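Residue numbers (our numbering): 980 to 1120. Data first, discussion second: the structure below is written as structure tokens.
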């Protein structure tokens, strides 16, 4: 049992690292990346652009930037907002109560109505009500 748990945990970690790497690469090679914004900005000098590139580490290879990002991610250091300069983690925690409330309410709603419709479909198996419920479940899935 312990071996299975360890195996599943290793698979989980490798999957997370793989997905985060692919996402990081796609975001960094897609149009509209920070370098492009700096290149099209005419309000700042070339030297200022170079300082920003160096400050954000955009001059480093993508794999180095990923590992630096991943180290900060593990420490829950998401950097600062470009909009107002506040730490991103504070913005996340400020919105966390509303997010959790919305999740709890929606999961409760789904659980209650899912059980209700499941019981109704079981009670009227192979009847019109069962087929209608099954159709809506299929369409919603």
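Every residue, glycine too, gets a C-beta built ideally from N, C-alpha and C. Predicted model only: the values in this text are computed from it and were never measured.
For my contact list, residue i and residue j are in at a C-beta cut-off of 8 Å; report their separation, rounded to the angstrom.
i, j, result
"residue 1035", "residue 1000", "Contact flag wrong, Cβ pair sits at about 19 Å."
"residue 1099", "residue 1112", "6 Å"
Which first and last residues belong to the alpha helix (DSSP H) in which residue i is found?
i, result
"residue 1076", "1067-1102"
"residue 997", "981-1008"
"residue 1023", "Residue 1023 -> no alpha helix (DSSP H), and no H or E assigned at all."
"residue 1117", "1107-1119"
"residue 1045", "1041-1053"
Could you tell me whether the Cβ atoms of residue i and residue j are closer together than 8 Å?
i, j, result
"residue 1004", "residue 1043", "no"
"residue 1057", "residue 1067", "yes"
>> Taking 8 Å as the cut-off, does the region 1024-1034 touch the region 1050-1070 (at least 3 CB pairs, one atom from each stretch)?
In response: no
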